[in-house]
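Counting with our numbering, you get residues 229 to 522 for the letters of the sequence shown. All C-beta atoms, glycine included, are put in the ideal place defined by N, C-alpha and C. Predicted, not measured: the structure shown is a model, and the values here were computed from it. All remarks here apply to the structure that follows.
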Amino acid sequence: MRVTLLGTGDTTGTPTVGCDCATCADARARGIERSRFSVHIENERTDESILVDLSPDFRQQFLSHAVPLPDAAVVTHIHFDHLDGLGNAYRVFDDLPVYAANGVDPETGESVAETIRRKYDYLDRVSVHDVTPLASIEICGLELTLVPVEHPPLLCFGLVVVDPETGAKLSLSGDTSYDIPVDSRDRLRDPDLFLADAIVPAALCDRHPLGGSHHDADGVPRSFGTKHMTREGALALADELGANVTRLVHTAHYYPADEAFEEPLAVDGEQYRLDGTGVTRLDTATAESGPTTD
């Protein structure tokens with residue numbers, strides 16, 4: 229399985245429009261992008277691919293990176309930076325099946341799948357398929373499992389992708405605090421590659437109206453407010469899960485400039501091959517250090 233990180237930023241991306249902070253200025257100088265979140269997964273045996281979340285930056289992502297248009301898509305939740313790129317399906321796809329969770333969200337009164345079906349009812353070439361969380365389904369020859377995570381007030385899901393032929397495993401935390409349910413942690417466990425939400429470093433939690441939460445034994449917050457993990461929380465989760473290679477995604481431009489492009493923070497365009505024996509980095513884009521092979 230070949231995994232391409234098309235979008236590694238949070239809801240505003242880095243550089244952020246209209247921002248001249250040191251981190252955004254450094255990103256421009258380096259020619260680095262962290263566009264809104266999206267991951268491309270290709271089954272190289274079948275020449276089929278899956279897109280995880282549909283970034284508003286869909287068009288530019290596919291123009292900038294040499295990956296095929298997906299044969300299917302999976303949506304983790306309905307926030308605009310993960311969903312509103314679906315409008316790009318108009319006159320681009322002959323057929324695009326979109327998979328999303330079927331549980332009713334008390335906040336919206338409908339499931340993620342129902343929201344997509346309603347919001348994009350004008351896209352007659354898009355079909356929306358209901359998925360039961362924690363139940364595996366096969367898409368494009370790969371086994372996918374949506375796992376509930378904590379991203380209040382909306383329902384949100386992480387994702388596990390396994391190649392049944394090689395045993396290669398990709399886990400995505402989804403947008404979440406550190407407070408991920410035990411059943412979901414069990415499904416996410418032992419990935420070859422782990423993509424973990426790490427919106428800011430823990431030191432910035434004092435800037436959040438709710439502060440930090442889920443503190444470790446030393447008092448370091450592993451969640452920024454209640455919706456996202458800190459860098460420290462994401463790394464603690466990766467360690468607990470036994471991840472082979474971890475990349476921190478959904479990061480904000482609030483990272484201090486001297487930390488914003490250090491490992492293991494990901495940038496757009498990173499590409500990895502998972503073959504059941506390890507993880508090989510294929511791209512040349514990097515933050516501070518070179519390609520990683522494990």
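- DSSP, read as helix, strand or coil, puts Arg-273 in coil.
- Only buried fits Leu-423, as 16 or more other CB atoms lie within 10 angstroms of its CB.
- Distances from the CA of Ala-485 to each of Thr-236, Thr-242, Val-231 and Asp-238 were compared; the closest alpha carbon is that of Thr-242.
- Straight-line spacing of the CA atoms in Thr-336 and Leu-382 works out to 8 Å.
- By the neighbour-count criterion, in which a residue is buried when 16 or more other Cβ atoms sit within 10 angstroms of its Cβ, Leu-291 is exposed.
- Along the length of the stretch 408 to 485, whole alpha helix (DSSP H) runs at least 4 residues long occupy 410 to 416 and 459 to 469, reported in chain order.
- Cβ neighbours of Thr-239 within its own chain (closer than 8 Å, five residues either side excluded): Arg-264, His-307, Phe-308 and Asp-309.
- The C-alpha of Asp-444 lies about 15 Å from the C-alpha of Thr-454.
- A distance below 6 Å between beta-carbons, with the five flanking residues on each side excluded, links Ala-462 to the following residues of its chain, in chain order: Ala-424, Ala-426 and Leu-476.
- Straight-line measurement puts the Cα of Leu-314 at about 25 Å from the Cα of Gly-246.
- The beta carbons of His-268 and Thr-244 sit no closer together than 7 Å.
- Separation of Asp-467 and Arg-319 (C-alpha to C-alpha, rounded to the nearest whole angstrom) is 43 Å.
- Our two residues, Ala-255 and Thr-479, have alpha carbons roughly 13 Å apart in a direct line.
- Contact between the stretch 371 to 379 and the stretch 406 to 423 is established, with three or more Cβ pairs separated by less than 8 Å.
- When secondary structure is reduced to three states using DSSP, Asp-312 falls in the helix class.
- Burial is judged here by how many other beta carbons sit within 10 angstroms of a residue's own beta carbon; Pro-298 has at least 16 and is buried.
- Following the DSSP letters along the chain, one finds Arg-346 inside the alpha helix (DSSP H) bounded by residues 340 to 347.
- Within the DSSP secondary-structure output, Phe-489 pairs in no beta bridge.
- DSSP lists Ser-355 as the beta-bridge partner residues of Pro-325.
- Excluding five sequence positions before and after Pro-437, the CB atoms of its chain that fall closer than 8 Å to its own CB belong to Gly-453, given in chain order.
- In the DSSP annotation of this structure, the continuous segment of the alpha helix (DSSP H) that includes Leu-291 starts and ends at 286 to 292.
- Assignment of beta-bridge partners to Cys-368 by DSSP yields no partner.
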